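Accompanying notes for the structure given below.
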Amino acid sequence: MDDFKRFFGRGLGILLPSVLTLWILYQLLMFLNNNIGEPINRGVRIAVSEIAPRLMEEDKLPGWSRVVPAEIAQARADKRFDGVSEMTDDGIRDLLRREKLRKAWREHWYLRATGLVIAIVVIYFVGRFLGGYLGRQVYDRLEALLARVPGFKQIYPHVKQVVQMVLGDRPIAFNRVVMVQYPRIGIWTIGLVTGPALKRMTQESGEDVVTVFIPTSPTPFTGFAINVRSSEVIDLPMTVEESIRFIVTGGVLVPEHLANPAAPRPAAPATPVISAPPEGPASGGPDGSGGV
-4 MDDFKRFFGR
6 GLGILLPSVL
16 TLWILYQLLM
26 FLNNNIGEPI
36 NRGVRIAVSE
46 IAPRLMEEDK
56 LPGWSRVVPA
66 EIAQARADKR
76 FDGVSEMTDD
86 GIRDLLRREK
96 LRKAWREHWY
106 LRATGLVIAI
116 VVIYFVGRFL
126 GGYLGRQVYD
136 RLEALLARVP
146 GFKQIYPHVK
156 QVVQMVLGDR
166 PIAFNRVVMV
176 QYPRIGIWTI
186 GLVTGPALKR
196 MTQESGEDVV
206 TVFIPTSPTP
216 FTGFAINVRS
226 SEVIDLPMTV
236 EESIRFIVTG
246 GVLVPEHLAN
256 PAAPRPAAPA
266 TPVISAPPEG
276 PASGGPDGSG
286 GV
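Okay, so the sequence shown: first residue is -4 according to the numbering used here, each after it adds one.
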């Protein structure tokens, strides 16, 4: 059981990060597909079902676009669509074409991926456009207009900050690993410098002040943001990854170049030697007679 627990924990530690990463990427892909890709798919299907019959002759149309009179009559008899009794044959034919196209679309994975591919291409070109001078001007004006909408202006700034932190061109980076005395003098805590503090703090303190993020153990994604004078911050020769491992493990995983060498163990105290009592009358009873 000891071997099983040791190797099972080792295997879990190796595989779990990869599995969680793949799961997060899969959920992100499904979110894009369900909320962006599927609406685009519906629009593409409607456009194809409307344009294809007008560009191609009836005998050259694909199978999903061919609707014979018998199918129209069957749809009327089965009342497949709401208000079918009041529809014209052309109206029923269009609905049957969309239904056939939707069925054929679901049977082929490459057709289902059409909306996602289009979404990726559109997002790419939107990014290219907004990256230029004209695009930034248009986006800034639109953003200022939307920021006046009640409800939207309370949520949008916070969502924007989170997205820019993760995906922006200039994400918030932890470029220094430091130690500070927190939460009181005498307790040294590892922190990550995020940047300069507010201008008012620097003016009040009379010297440079930096903002330090103090992560918590074992979840470094949460913590505290404190502002410390630059003179009270001591840089550590650690990378951000090494500091995160140190915090997650509660200080168990220490970089080799920073590990404190083991102090020599104190020698065991000498065992006292109990000497035998001297021979003769002195070793006897109280009267010196040697006892019984």
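From the three backbone atoms N, C-alpha and C, an ideal C-beta is built for every residue, glycine too.
All values reported here derive from a predicted model rather than from experimental measurement.
Item	Value
Residue environment, Val144, which counts as buried when at least 16 other CB atoms sit within 10 Å	exposed
C-alpha gap between Leu91 and Leu17, whole angstroms	40 Å
Counted within 10 angstroms of its Cβ, other Cβ atoms place Lys59 as buried (16 or more) or exposed	The question names Lys, but residue 59 is Trp in the sequence shown. It is buried - the Cβ of Trp59 has at least 16 other Cβ atoms within 10 Å.
Separation of Ser212 from Ser13, as counted between CA atoms	21 Å
Nearest-angstrom Cα separation, counted from Ile46 out to Phe124	29 Å
Local conformation of Leu193 per DSSP, three classes	coil
Proximity below 8 Å, CB of Asn36 to CB of Trp104	no
CA-to-CA distance, Met174 to Glu236, given in whole angstroms	15 Å
Option nearest Ile41 by Cα separation, candidates Asn255, Ile67 and Gly110	Gly110
Alpha-carbon to alpha-carbon, Ile31 and Val117	11 Å
Spatial distance of Leu15 from Asp84 (CA atoms)	53 Å
DSSP three-state assignment for Phe76, whether helix, strand or coil	coil
Residue burial classification, Ile9 (beta-carbon count within 10 angstroms, cutoff 16)	exposed
DSSP state of Pro210 mapped onto helix, strand, coil	strand
Closest Cα partner of Gln69 within the set Glu52, Gly122, Val188 and Ile87	Ile87
Other residues of its chain near Ala271: CB distance less than 6 Å, five sequence neighbours each side excluded	With a pLDDT of only 46 at Ala271, under the threshold of 50, the placement of this residue in the model should not be trusted, and no figure is reported.
Backbone CA spacing between Gly126 and Ile239 [nearest angstrom]	34 Å
Cα-Cα separation, Gly181 to Lys0	39 Å
Those residues which DSSP pairs with Met174 across a bridge	Ile185 and Ile229
Cα-Cα separation, Trp183 to Thr214	19 Å
Range of the contiguous alpha helix (DSSP H) that encloses Ala99	Asp84 to Glu102
Cα-Cα separation, Val207 to Lys194	15 Å
Selection from Val228, Leu50 and Asp203 that minimises the alpha carbon distance to Tyr177	Val228
Spatial neighbours of Ile221 in its chain, beta-carbon cut-off 7 Å, leaving aside the 5 residues before and after	Tyr177, Val207 and Ile209
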